[in-house]
Each structure stands twice: as structure tokens, then as C-alpha cells.
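Enquirer: One structure coming up, written as C-alpha cells, with questions to follow.
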Amino acid sequence: MGIPTSGGGRHRRRIRIALPVVAVGLAATVAGALLSSSAQAAEAPPAPRATAPSAKELQKRLDVALAGDDIAGQTSKESLTAGSKATTVDPKIIGGTTTTITKAPWMAQLWYGDDRGTPDNTSDDIGFFCGGAVVSPTKILTAAHCVKGYDWKAHGAIVTGTTQLPSEGDVHGGTVSGVWLQWNHWSYNASTIDNDIAVLTLPNPVKATPIPLITPANTGSYVAGTKATVYGWGRTTSTNEDISETLKTATLPIQSDTTCANTYGADFVKGHMVCAGTPATGSDEGTTSACNGDSGGPLVYGGRIVGVVSWGVKDCVESGAYSVFSKVTSYVGTVYPRIDDTNLSGDHNADLWVRNAATQTGYELDSKGTTLAARQSWGTWSGYNLLLQTDLDRDGYQDLIVRRTSDGDVFWKHYVPASETWATQLVGDNWKTRLSIVAPGDVTGDYLPDLLSVDSAGVLWIYPGKGNGSFGTRAKAGTGWNSFNFVRGHGDFNGDGRADLLARNRTSGAVYLYRGRGTTGTGAFAPGLKVATWSNTTYNAFATVGDVNGDGMADLLARTPAGKLVLYRGNGGATNVIFSAALSLGTSFKQYDLFG
């Protein structure tokens, strides 16, 4: 990315950043009034469990990270050259130009500072830096080698909204946040740097403008010669390990899989990786490449992330080498539930909300993967005949959509961190005759959660979400949906990164998958694909709350008339086999009349 300009001749920090050694990885709303009836006044939603570190603690973490000289995801793999068809993962932005946060408002700085519990001894501190991108108000997309094995909640600090790196306690107009949750791809391999993708969840939304991911079908973004853009604060020269104090960018042509494999041999995993750039020259002169410190940052094309900086060769300029990125289109289905959804307990496993029919008490049942934890009371929730779990404002806290029995009005209930209260907002007036209401996530392809309903005439309507709990003009998506006695959906059932619907025919019991196409109107869903036959005597209640077992695929919960609740785990199947064998979650669910 060229040599950055540093103010006043001040020496830049020596921070070797974020790449494994062998594959050294490139690395308000004010609370609304509650509804007035005495029954509804008994609602007692608990406050979400996210906690944010103090400003003092965040500054301490930054200080440790800024003084650090560590490498994220360091492995014992030996450094090899590009010519030997094996790589040393070690990247940067060399040969690029300076840019500003205004042009890349989604860029994030990931600082990790752990004093190891010995504040008077700095020799054992761990401090390093990675890049990342804001992909929703509380979500940062980055590389797994920046996340795996580290406790970001205890030691991380995320800086957004600034062109410069911090200096002497000054974040130059940026915002510093802690980390609430971390997730990395479960198949990430630290030796091969395969499946190198991760998501950090912040405890509170940031104002930075998010950038969307590439859609799974957009394979044209990877055509050889396509000019993509990489961003970061990483090394700007191969001759020292200083990182840039100012955000930089470089344009890199996408290379074919054949070219990448010829360069790196088996270290380049087709389908999981993409390489870009022109062959390095062996020196800074004539080389444009990502480098150490850029790890986790985005490769952008057409306003969407197509790659995540992953790895390269040692010192980034070895003759003939290219920068290597995680191929985002291959991970959208897996990452989608981590970015555009949340859950009640905040652990990345979708949880279940239920209501006892006799007492009208609502309960939270947290998922433990393949079992449910003991229920937690939410107080009395009478006066409703529908409840859905969603996150309409994409703030990382699960919201509720409820329909009032008396008049059919539909409300959005959401947590407001600033006031630590729950707000209630009307979203649908007199929807008493709606046969189904669904909150499946992003249907239209704009990465904002939408709302769907089936009216009494059987018309399926899409209400495009605006990301703030409000909706645009509804669009007609189809007719004949009154032939179904349940329409459900929450997330992606077939692994293509788009929200889908499930619907059961009221006469035959046939269950159909309607695959989302990422658009609106009558083309929003592909024709139904039959995936099961379950009559009302087989199952009489269903819930789709997202990814219950944490494998990246949307799941289905179904209850038998006798009260047995089973989990059908989504397997991302492209055919009619989209669920693995059912797992029993218990036999006492006959008592509940609402399932979130």
C-alpha cells in the first residue's frame, strides 16, 4: 500500500500483526409505553445478558495491544516459499494508496491486549492487531486465525469510525467497543489456514455503515481479471514490521484457481480460497499485496465483501506470490446465522420461547446444542395468540413480534440498551384474519430482516424491513397460500445464504420448502420442493427459531399431539433431504400453546 505518511516524524509502532507463522495469515429510541391491559402489564422480559467493559478497561486493552509484538494465530508450520508450492502465510497492503474511513466506513480495527494477569510484568503480555469489517451494527467479520484460541470478550477492543490507529490514548474520533461473543468456523484449521473466517459480536451497536457479503450465486465476482479492492492498516514494506497508522487500500485482480494452485500447490484449497494481485516482484518495488496486519480485512467488489484477508508468503513480496483470501461466497450459508440473527441467551445457538396454556406464563428455553436447558420465566403473557423471535433492528438483541388477540394488532417488542428497558411499537394494524405471520430474516437480498404474512384470501405479502423496526411498501409474493395450515421460516434451510419458508398442506400433510431467491415480488421464492409428509396427527405445532444446534443451518422444531418435541437439524441439502434424523428434546411440551 505504499509508505504511509506519519505525522511529525513520530516513529510508528513495531507491531507484527495478525498472521499465522506458516501460513502466517494475511493476515433512540426511547422505550415505548407498554400495552395497558392488566394482563399485559405482567410481562417481564429479562434484560439481555450482554455486558460492555468500561472505558478504562478498554483503554488498558488498547495500551497492551499497542505495545505488543505478537502474531495472531501463530502456528508451528515451517515457512516455505511460493516456489516450493507451499506457503508461509504472511500478508500486507504494499503498493496501494491512502484512503479515509469516509470511503470505507465499515472498516474496523481489532486490538487484542492481554496482560496475562501480571500488570507489573509486560514480558508475558499478548498484544496484536487484525482488521475486520462491520457487517451489521453489532457484527464484525474477520479471519478465524485472529479469533481462534483467544478470549476476545476478556481482552478485545474494537475501534470503528476512524481512519487512523490509536495513539497516546487518542482514537481520533473513533468509537471503542468491547466484544460480547466470538465465533469462528468450526472447521478452521490452524495448520492449513483453511476455513479462515470468523465473526465477533459487540455488546452494543456501532454507528459505522455496514457492508454486505457477496451473495452465493454471484460467482462472477471471482472471474479472473476482476478488479477487487483490499483495505487495511497492515505492513507497508517488506523491510520492517511497522504497520500503517492510516487506512490504506489497493486494487488487486482476481486470479483463477488454476493460477493459485500452480503457485501454492495443495496449500491452496479450491472453493475455500481465492487469490488476487499480480505476481510479486521479490521486493516492494512493483509489488501490490496485502500483508501482516491486514489479516481479517475485507476484499471488496461491487460494494460487497468477496474475500477475507487470510494468508500469503513471508514478508509478502516473494517473487511470483499472490495474496490469499477466504472465499466468502462459500461461507455465506454458514456465516449468515451469525450475522443476521441473534438468540435469547447470546451464545449463537437459537433458543426457544414458549407459553404455558394454563398459566399464560412465558418461558425461555436455552439451547445447549441438542438439548434444552431448564426454563426461565418471563412472567405472564396473556392476551396474545402469536409470538415470533427475530431481530428487526439488527442490534444483536433478540426481539419479539406479538399479535394481540382482542383486535389483531401486531407489535414489535425490542430491548433498548440506552434505557435498559423494553419498547413496544405497532407494526401491523388489525391483522386478526392473517393466516400466518413469519419473520424469516432477509428475504429481499438487502441484508435487512423482513416480515411476511398470508392474508385471508391466501395472498403471501412481503414487508421489506428497513433495519429499524419499520417496513417499506408491501409486495405481493404469491397466491394460494391459504392451502397451508402452517407457514414458518427463520433463516436458511438449504445452505445458500438466503432465507427460506416451510409450508404444510392442510389436506395432504405434505411439507414444502420454498427456497428464497434474494428478491421481492412474485419471484421471491422458487417453486415448492416437497421435503416431508407430516399430518396433523404426526405434528400439531412447529417452531422455526434459527440455528438451534450451532452448525450454521436453520433447524425445525416439531411437537407431537402427545407433547414430544423433536429437533430436525438442517443439513444444507440442495435436494429434498434438508433435515437430519430427528432428536427428541423432551415429552412435556403439550402444556404450551405458543412457540416462538
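Under mature numbering (1 follows the signal peptide of the UniProt record, and there is no 0), residues -41 to -1, 1 to 555 are what the sequence shown spells out, in order. The C-beta atom is built at its ideal place from N, Cα and C for all residues, glycine as well. From a predicted model like this one, the values you see are computed outputs, not experimental measurements.
Do you know how far the Cα of TRP440 is from the Cα of ASP388?
Expert: The alpha-carbon atoms of ASP388 and TRP440 are separated by roughly 21 Å.
Enquirer: Which whole-angstrom value describes the C-beta separation of THR329 and LEU526, a residue pair presumed to lie in contact below a C-beta threshold of 8 Å?
Expert: That pair is a contact at about 7 Å.
Enquirer: With distances taken from CA atoms, which of GLY262, THR479, GLY137, ASP510 is nearest PRO164?
Expert: Closest option to PRO164, Cα to Cα, is GLY137.
Enquirer: Checking 8 Å against the spacing of the C-beta atoms, do GLY338 and SER365 come in under that value?
Expert: The answer is no: Cβ separation not under 8 Å.
Enquirer: In three-state DSSP terms, what is VAL294?
Expert: Three-state result, VAL294: helix.
Enquirer: Following the continuous beta strand (DSSP E) through ALA26, name the residue where it begins and the one where it ends.
Expert: It is not in any beta strand (DSSP E) - ALA26 instead sits in the alpha helix (DSSP H) that spans 14 to 26.
Enquirer: Excluding five sequence neighbours on each side, which residues of the same chain lie with their C-beta closer than 7 Å to the C-beta of GLN123?
Expert: The residues are HIS131, GLU204, THR205.
Enquirer: Is the segment 490 to 499 close to the segment 508 to 527, with three or more CB pairs under 8 Å?
Expert: Output reads yes: the segment 508 to 527 touches the segment 490 to 499.
Enquirer: State the DSSP-derived secondary structure class of TRP111, mapped to helix, strand or coil.
Expert: It is helical.
Enquirer: Using the beta-carbon count (16 or more within 10 Å), is PRO145 buried or exposed?
Expert: According to the sequence displayed, residue 145 carries Trp and not Pro. When all chains shown are included, TRP145 counts as exposed.
Enquirer: Give me, in chain order, the residues of the same chain whose beta-carbon lies closer than 8 Å to that of THR218; leave out the 5 immediate sequence neighbours on both sides.
Expert: Contacts found: ALA183, CYS234, TYR281.
Enquirer: Once DSSP output is grouped into helix, strand and coil, what is the label at LYS166?
Expert: Note: LYS166 maps to coil in three-state DSSP.
Enquirer: Under the three-state reduction of DSSP, which class applies to SER180: helix, strand or coil?
Expert: In the structure shown, SER180 sits in a helix (DSSP, three-state: H, G or I).
Enquirer: May I ask you to report which of helix, strand or coil DSSP gives VAL536?
Expert: Three-state DSSP puts VAL536 in coil, outside helix and strand.
Enquirer: For the alpha helix (DSSP H) holding THR217, just list the boundary residues, first then last.
Expert: Where THR217 is concerned, the enclosing alpha helix (DSSP H) stretches over 216 to 223.
Enquirer: According to the Cβ coordinates, are TYR322 and SER336 closer than 8 Å?
Expert: Cβ distance < 8 Å, so TYR322 and SER336 count as in contact.
Enquirer: Buried or exposed: where does LYS435 fall if 16 or more other Cβ atoms within 10 Å of its Cβ makes it buried?
Expert: Exposed, by the Cβ-count rule.
Enquirer: Quick one: what does DSSP say ASP226 is sitting in, helix, strand or coil?
Expert: Helix.
Enquirer: So, helix, strand or coil for ALA416, using DSSP?
Expert: If DSSP states are grouped into helix, strand and coil, ALA416 belongs with coil.
Enquirer: Quick check: what's the CA-CA separation for LEU25 versus THR97?
Expert: Rounded to the nearest angstrom, the two C-alpha atoms are 24 Å apart.
Enquirer: So who's on the other strand from ALA485, going by DSSP bridges?
Expert: For ALA485, which the question treats as bridged, DSSP gives no partner whatsoever.
Enquirer: Quick check: the Cα distance between THR59 and SER82, rounded to an integer number of angstroms?
Expert: Taking the straight line from one Cα to the other gives about 35 Å.
Enquirer: Please state if the CB of PRO296 and the CB of GLY511 are separated by a distance shorter than 8 Å.
Expert: Contact flag set, yes.
Enquirer: To which residues does DSSP link PRO257 through a beta bridge?
Expert: Paired residues: VAL267.
Enquirer: Can PRO376 and HIS449 be called in contact, C-beta distance under 8 Å?
Expert: Result no, Cβ atoms of PRO376 and HIS449 do not sit closer than 8 Å.
Enquirer: Does the segment 145 to 160 come within contact of the segment 103 to 116, defined as at least 3 CB pairs closer than 8 Å?
Expert: The segment 145 to 160 is in contact with the segment 103 to 116.
Enquirer: Using the DSSP secondary-structure output, state which residues sit across from PHE501 in a beta bridge.
Expert: Beta-bridge pairing links PHE501 to ALA517.
Enquirer: In the DSSP assignment, the beta strand (DSSP E) including ARG362 goes from what residue to what residue?
Expert: Its beta strand (DSSP E) spans residues 358 to 363.
Enquirer: Hey, out of GLY367, SER442, GLY305, whose CA is closest to ALA6's CA?
Expert: For the residues GLY367, SER442, GLY305, the minimum Cα distance to ALA6 belongs to GLY305.
Enquirer: Since HIS373 and LEU140 are thought to touch, with beta carbons under 8 Å apart, how far apart are those beta carbons, to the nearest angstrom?
Expert: In fact, because the Cβ distance is near 19 Å, the residues do not count as touching under 8 Å.
Enquirer: Have a look at GLU2 and GLN319 and give me their C-alpha separation to the nearest angstrom.
Expert: Distance between the alpha carbons of GLU2 and GLN319 is about 10 Å.
Enquirer: Answer yes or no: do GLY256 and GLY91 have a C-beta to C-beta separation smaller than 8 Å?
Expert: It is a contact, given that the beta carbons lie within the stated cut-off.
Enquirer: Compute the Euclidean distance between the alpha carbons of ASP358 and PRO423, then round it to the nearest angstrom.
Expert: If you take the alpha carbons of ASP358 and PRO423, they lie about 17 Å apart.
Enquirer: Pop quiz: GLY27 and ASP84 are said to be a contact at Cβ under 8 Å. What is the actual Cβ separation, rounded to whole angstroms?
Expert: That pair is a contact at about 6 Å.
Enquirer: Tell me whether the beta-carbon of GLN214 lies closer than 8 Å to the beta-carbon of GLY128.
Expert: No, these two residues do not count as a Cβ contact at 8 Å.
Enquirer: With 16 other CB atoms within 10 Å as the buried threshold, where does GLN550 fall?
Expert: Counting Cβ neighbours within 10 Å, GLN550 comes out exposed, since fewer than 16 surround it.
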